[in-house]
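Asker: Using the numbering used here, count along the sequence shown one by one with no gaps and you end on 405. Supplied in structure tokens, the structure appears directly below.
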Amino acid sequence: MTDHSLIRPEVAALPDYNAGLALERFRSVYGIDAVAKLDSNESPLGPSPAAVQAIREAAAGVGRYPDASDEALRRAIGLANGVEPEAVILGNGSEDLIGAIYRAVLRPGDRVVTICPSFGLHEFGALACGALVDKVSFPEDWEFPVDGLIAALRQPARVLIFSSPSNPAGPAVTQGDFARLLNAVPKRTLVVFDEAYREYLAPGVVFDALALLRDWGGPWLSLRTFSKAYGLAGARVGYGICADAALAKALRKTRNPFAINALAATSALAALQDDGHLARVVALTLSERARVADALAAKGYELAPSHGNFLFFRTPASAAELAEALRRKGVLIKAWQEEPFLDWARVTISSPSENDAFLAALPAKAAASSCRSAG
């Protein structure tokens with residue numbers, strides 16, 4: 031039996047990661063098939079057919095180790111983003127890179143500034159390293175909390191990390207606010223700008239974050255992924271575009287030396303070249319997001335303004351209770367587990383049929399509240 035004193039207290043105190051439920055696990059636990067899996071922000075159209083074909087063609091070569099330098103994929107990513115391949119770092123999902131970043135730069139007692147609600151690993155990875163995490167909450171109107179972040183940065187911080195569009199809520203920082211925030215960041219602070227959902231930004235909202243980061247001049251990294259709009263969630267391919275090759279080189283020392291397996295790398299390379307599939311995914315998601323948002327509002331639910339492939343809505347009481355009730359109808363959503371947002375849930379925008387199944391299973395908010403009171 032493991033002696034509990036063996037585990038570092040920072041690790042023992044960490045909460046479990048709030049992951050979506052795999053379909054096989056769902057069937058095993060609930061004894062029914064899912065009619066709508068909307069808890070992991072997966073693409074409704076899946077990966078590009080070219081990516082699937084690339085996996086098939088590469089499968090015979092899995093007896094060999096992959097290219098540890100990831101040269102082909104880094105070169106393609108660099109070309110697509112106007113950066114040198116040496117400044118691109120790949121990981122087994124962006125979660126892998128978050129861990130590599132923290133292991134590379136954090137010392138016990140260092141301070142990390144982020145937003146709330148937020149992607150859990152922005153916080154957990156820092157806590158595991160013995161860092162202190164300062165979480166700046168969104169205001170009630172869901173305006174991006176730039177002023178709060180600026181205030182938090184008046185004290186020394188090793189890392190500023192946040193996502194835009196923000197997961198789980200969905201607001202996106204504007205170009206002007208991002209520039210204003212960067213102007214307030216000390217040059218000794220590493221800025222990690224998580225752009226996992228950037229493909230879903232509308233033309234009037236998207237801006238060139240890399241250009242602003244370069245102009246700022248301090249250390250920075252843009253985190254991106256093939257898991258969302260590219261539909262390769264199971265392949266686990268994340269990447270970072272770094273301020274310079276020196277930062278990328280340091281991160282390669284703190285991640286697995288073979289971070290990307292051969293099948294994942296070849297599928298991501300094919301997906302990156304299929305602009306048509308990506309455009310279809312984004313168009314469907316934006317159309318359905320507007321439709322589902324209207325339907326949720328009509329049912330009486332309060333919503334955060336989302337620029338991602340998901341919606342964040344307030345539940346009548348415990349979001350965990352609502353999520354469990356929906357699971358028993360074959361509908362999977364994610365109840366948020368971060369204070370003070372325990373009465374909020376996130377639902378992925380998927381295909382029209384899955385979205386309809388969710389809306390049909392979800393009670394009107396007034397009805398749900400009265401049922402809870404009566405029960």
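Idealized CB from N, CA, C, for every residue including glycine. Predicted, not measured: the structure shown is a model, and the values here were computed from it.
(1) Using only CA atoms, which one of Lys258, Leu243 and Ala156 lies nearest to Asp274?
(2) Three or more beta-carbon pairs under 8 Å between the segment 42–52 and the segment 335–348, yes or no?
(3) Which word fits Ser99, buried or exposed, when buried means at least 16 other C-beta atoms lie within 10 angstroms of its C-beta?
(4) Considering only their Cβ atoms, is the gap separating Gly261 from Gly76 smaller than 8 Å?
(5) Alpha carbon to alpha carbon, how far is Val203 from Phe237?
(6) Look at the alpha carbon of Leu231 and the alpha carbon of Trp172, and state the distance between them as a whole number of angstroms.
(7) Between the Cα of Arg266 and the Cα atoms of Ala226, Ser383 and Glu368, which residue gives the shortest distance?
(8) With DSSP collapsed to three states, give me the class of Trp250.
(9) Considering Ala375, what are the terminal residues of the beta strand (DSSP E) in which it resides?
(10) If you compare alpha carbons, which of Asp207, Tyr331, Arg188 and Val361 is closest to Lys395?
(11) Measure from the alpha carbon of Leu211 to the alpha carbon of each residue in Ala181, Thr378 and Phe56, then state which is nearest.
(12) Would you mind working out which of His307, Ala309, Leu179 and Leu362 sits nearest Pro169, comparing C-alpha positions?
(13) Tell me, please, whether the segment 187–197 touches the segment 128–148 by the rule of three or more beta-carbon pairs shorter than 8 Å.
(14) Quick one: Cα of Ile119 to Cα of Pro249, how far?
(15) For Leu68 and Leu362, which I take to be in contact (beta-carbon distance under 8 Å), what is that distance rounded to the nearest angstrom?
Answerer: Taking the definition as stated:
(1) Of the listed residues, the one whose Cα sits closest to Asp274 is Leu243.
(2) No: the two stretches stay apart, fewer than three of their Cβ pairs being nearer than 8 Å.
(3) The residue is exposed, with fewer than 16 neighbouring Cβ atoms inside 10 Å.
(4) Cβ atoms of Gly76 and Gly261: closer than 8 Å.
(5) Straight-line measurement puts the Cα of Phe237 at about 10 Å from the Cα of Val203.
(6) About 17 Å.
(7) It is Ala226 whose Cα lies nearest to the Cα of Arg266.
(8) Of the three classes helix, strand and coil, the one that applies to Trp250 here is strand, per DSSP.
(9) Its beta strand (DSSP E) spans residues Trp374 to Thr378.
(10) The shortest C-alpha separation from Lys395 is found at Tyr331.
(11) Nearest option by C-alpha distance: Ala181.
(12) Comparing alpha-carbon positions, the option among His307, Ala309, Leu179 and Leu362 lying closest to Pro169 turns out to be Leu179.
(13) As far as the Cβ criterion goes, the segment 187–197 touches the segment 128–148, which means the pair count is three or higher.
(14) Each residue's Cα considered, the two are about 15 Å apart.
(15) Indeed, because the Cβ distance is near 6 Å, the residues count as touching under 8 Å.
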